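Residue numbers (the UniProt record's numbering): 1 to 168. Just so it is clear, CB atoms sit at the ideal spot from N, CA and C, and this is done for glycine as well. On a predicted model such as this, the values are computed, not experimentally measured, just so you know.
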């Protein structure tokens, strides 16, 4: 497995497949059928186009904003993207006065193999190189996602405030 910066020319379709899996996993894994339907419904062609344009803008700002895990073994089809991490560029740091881990996702078939750890290490290294108001890395995690909570705990994340939301 290797972790490298996202390449828009060769990785866009595979990144979108991973993003879809990330979003549908959020819906089905934490919150029941209504939440799953909301997350699935947003994954339109327009959303795909906007998301990939946003990825490109972030990568233009910092090529390590989006890094991908590539399966380079012979067992699973060499070159398949099996995960990604999306760290917002430091131009977004003022949102939380810190580096912002937007998304991290790995395919189920490679969970527990260290791929997520490698992606987190890549994100932390990129965050350390950012020009930040506060030297910390923040993220939003669903309280109902016990697996993610355990992963972030293992990587030294601690509670820092609490996010609240309301419907619009």
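Could you round the C-beta distance between residue i and residue j to whole angstroms and report it? I think they count as a contact, below 8 Å.
i, j, result
"residue 67", "residue 116", "Rounded, the Cβ-Cβ distance is 12 Å, inconsistent with contact."
"residue 1", "residue 69", "6 Å"
"residue 92", "residue 85", "With a Cβ gap of about 15 Å, residue 92 and residue 85 do not count as contacting."
"residue 14", "residue 107", "About 11 Å; that fails the 8 Å criterion."
Would you list the residues sitting across from residue i in a DSSP beta bridge?
i, result
"residue 86", "66, 103"
"residue 4", "68"
"residue 115", "DSSP lists no partner for residue 115."
"residue 13", "According to DSSP, residue 13 bridges with nothing at all."
"residue 80", "71"
"residue 141", "DSSP, once it has assigned bridges, lists no residue as partnering residue 141."
Closest by CA to residue i, which one among the options?
i, options, result
"residue 137", "44, 90, 17, 98", "98"
"residue 38", "50, 23, 51, 45", "23"
"residue 148", "9, 105, 17", "105"
"residue 119", "133, 129, 87", "87"
"residue 54", "12, 161, 72", "12"
Roughly how many angstroms lie between the CA atoms of residue i and residue j, to the nearest whole one?
i, j, result
"residue 146", "residue 155", "14 Å"
"residue 33", "residue 144", "14 Å"
"residue 151", "residue 109", "17 Å"
"residue 141", "residue 96", "15 Å"
"residue 58", "residue 89", "6 Å"
"residue 157", "residue 135", "13 Å"
"residue 16", "residue 52", "8 Å"
"residue 36", "residue 19", "14 Å"
"residue 94", "residue 49", "26 Å"
Look up residue i in the DSSP assignment and say whether it is helix, strand or coil.
i, result
"residue 161", "coil"
"residue 52", "helix"
"residue 168", "coil"
"residue 110", "helix"
"residue 40", "helix"
Does residue i get closer than 8 Å to chain C when you measure Cβ to Cβ?
i, result
"residue 108", "Annotation note: the requested chain C is absent from the structure, which comprises a single protein chain."
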